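Visitor:
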Amino acid sequence: MHYSIGIDIGGTFIKFGLVTSDGTIIQHLQVPTPLKKEKIMDSLLTNIHQLKAHHSVSAIGVSVPGTSDKKGTLLLAGALTDLYGYPLGTELQKHLNLPVYVENDANCAGLAELWLGNGQESQNFICMTLGTGVGGAILLNKQLYRGSTRNAGEFGLMIVNKLNYDIDVFYSSLNLYGSVQNGLVRLYNKYASNHKSDSGKEIYDLFQNNELAAQKAVNEFLRALSIGLLNVTSVLDPDLILIGGGISSNKQFISDLNDSFTNIWKQHGHIKHRNQPQIKSCFLGNDAGILGASFLTLQK
């Protein structure tokens, strides 16, 4: 039996899984994420040794925020600023004497969906993750597309709103309109006069109860996402769009996003004749990082 260890390094927790070649996680571990790289390395090594104590592990896969090079050096690492420039892959390999593969967390989520989730039957799909920002993965011909600088799938950088050239164009990007925290929550708190919220779930519940500020915010949020998805679809022509992040578990949100996307699709005279891709939620949830990281070890 082939065993790998999949690791999902997040800003709050590091999750570990001992995974079989068919994608079964037979043991989970979760620990708080330290701030300093030395402590992160200590935690990684301690928990890896614990998982492989009674099993023959052939490789390690690691899901990380940000961007890494081919050797696993973290060029960017999101909120984990002490890991910027750190050769994580090389250091782990040196200590463990095992192959180590490091990949962006959104790409790992896409790979997990390709392997065991809602992308299994798709030839070409995108996986868009909604959280503090908007990230994603591009799967073409069942292969992860990374781009020339390994930065493909940064959907949040797309411009989806009117530009003001006097300020950074980032302020017109999907990150600022189509994410949950920087988009939906920000928009709601702009429109709400008496009540403030930091919860996308609460705002969507208010929207479903016809609260005025929530309706304004959610409609603007859905429109920005739909414009972004139309842009991606016009370039990549996927047969499926998967949405990840906590809000994707809300079935009404997925239905509303499909409706909003359809409305914009039908308004575009040069696209409406195409087959419109369906929008679905991701299937694997909190295990996606571990499973996508483990899948890396099977591809090498």
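First residue of the sequence shown: 2, per our numbering; consecutive thereafter.
Each residue gets a CB set at the ideal place from its N, CA and C atoms; glycine is no exception.
Model, not experiment: these values are computed from the prediction.
1. Can you check which of these residues, D240, H271, T150, is closest to L77 by C-alpha distance?
2. Given this structure, state the Cα-to-Cα distance separating Y85 from G73, to the nearest angstrom.
3. Looking only at its own chain, which residues have a Cβ that is under 7 Å from the Cβ of F284, when we skip the five neighbours before and after it?
4. Which same chain residues, not among the five before or five after I204, have their C-beta less than 8 Å away from its C-beta?
5. For T25, tell me which candidate among M42, W116, L75 has the shortest Cα-Cα distance.
6. Under 8 Å between the Cβ atoms of D9 and I291?
7. Pop quiz: G179 and V135 are said to be a contact at Cβ under 8 Å. What is the actual Cβ separation, rounded to whole angstroms?
8. Counting along the chain, where does the alpha helix (DSSP H) carrying I248 start and finish?
9. Just grab the DSSP bridge partners of N105 for me.
10. Measure from the alpha carbon of H271 to the alpha carbon of each residue in L297, V170, T234, L19, then state which is nearest.
11. When we look at the beta-carbon of I27 and count the other beta-carbons within 10 Å, is it buried (16 or more) or exposed?
12. Would you kindly report the start and end of the unbroken beta strand (DSSP E) that includes Y1?
13. With DSSP as the reference, label H96 as helix, strand or coil.
14. Less than 6 Å between C-beta atoms, sequence neighbours within five positions excluded: which residues of the same chain meet that for K38?
15. In chain order, what are the residue ranges of uninterrupted alpha helix (DSSP H) at least 4 long that sit wholly in the segment 183 to 233?
16. Grab the span of the beta strand (DSSP E) containing M129 for me, first residue to last.
17. Under the rule that 16 or more other beta-carbon atoms within 10 Å means buried, what is L164, buried or exposed?
18. Would DSSP call K281 helix, strand or coil?
19. Give the straight-line distance between the Cα atoms of N105 and F156, rounded to the nearest whole angstrom.
Guide: Result, derived from the coordinates:
1. Stepping through the sequence shown from its first residue, residue 77 is reached at position 76. Comparing alpha carbon positions, the residue from D240, H271, T150 closest to L77 is T150.
2. Residue numbering aside, residue 85 sits at position 84 when the sequence shown is read from its first letter. Residue numbering aside, residue 73 sits at position 72 when the sequence shown is read from its first letter. Rounded to whole angstroms, Y85 to G73 spans 11 Å at the Cα level.
3. Stepping through the sequence shown from its first residue, residue 284 is reached at position 283. Hits under 7 Å: E114, G118, N119.
4. In the sequence shown, the residue the question calls residue 204 occupies position 203. So the qualifying residues of the chain are L185, V186, Y189, S198, A215, A218, V219.
5. Indexing the sequence shown from 1 puts residue 25 at position 24. For T25, the nearest C-alpha among the options comes from W116.
6. Counting from one through the sequence shown, the residue named residue 9 turns up at place 8. Counting from one through the sequence shown, the residue named residue 291 turns up at place 290. Closer than 8 Å, so yes.
7. Taking the sequence shown and counting its residues from 1, one reaches residue 179 at position 178. Taking the sequence shown and counting its residues from 1, one reaches residue 135 at position 134. Between V135 and G179 the Cβ distance is about 5 Å, and since that is below 8 Å, they are a contact.
8. The count along the sequence shown starts at 1 and reaches residue 248 at position 247. It is not in any alpha helix (DSSP H) - I248 carries neither H nor E in the DSSP assignment.
9. The residue labelled residue 105 in the question sits at position 104 within the sequence shown. N105 is bridged by DSSP to V65.
10. Residue 271 sits at position 270 when you count from the first residue of the sequence shown. When each option's Cα is compared against that of H271, the closest is T234.
11. For the purposes of this step, residue 27 is taken as residue 26 along the sequence shown, with counting starting at 1. Classification for I27: exposed.
12. This structure leaves residue 1 out entirely; the chain is present only between 2 and 301.
13. Translated into positions along the sequence shown, residue 96 becomes position 95. Helix at H96.
14. Position 37 of the sequence shown, counted from the start, is the residue given in the question as residue 38. Contacts found: D83, L84, Y87.
15. 187 to 192, 201 to 209
16. The residue given as residue 129 occupies position 128 in the sequence shown. Judged by DSSP secondary structure, M129 falls within the beta strand (DSSP E) whose first and last residues are 126 to 131.
17. For the purposes of this step, residue 164 is taken as the residue at position 163 of the sequence shown. Its Cβ having fewer than 16 others within 10 Å, L164 is exposed.
18. Within the sequence shown, the letter at position 280 stands for residue 281. Reduced to three states, the DSSP call for K281 is strand.
19. If you number the sequence shown from 1, residue 105 lands on position 104. If you number the sequence shown from 1, residue 156 lands on position 155. Whole-angstrom Cα-Cα distance: 14 Å.
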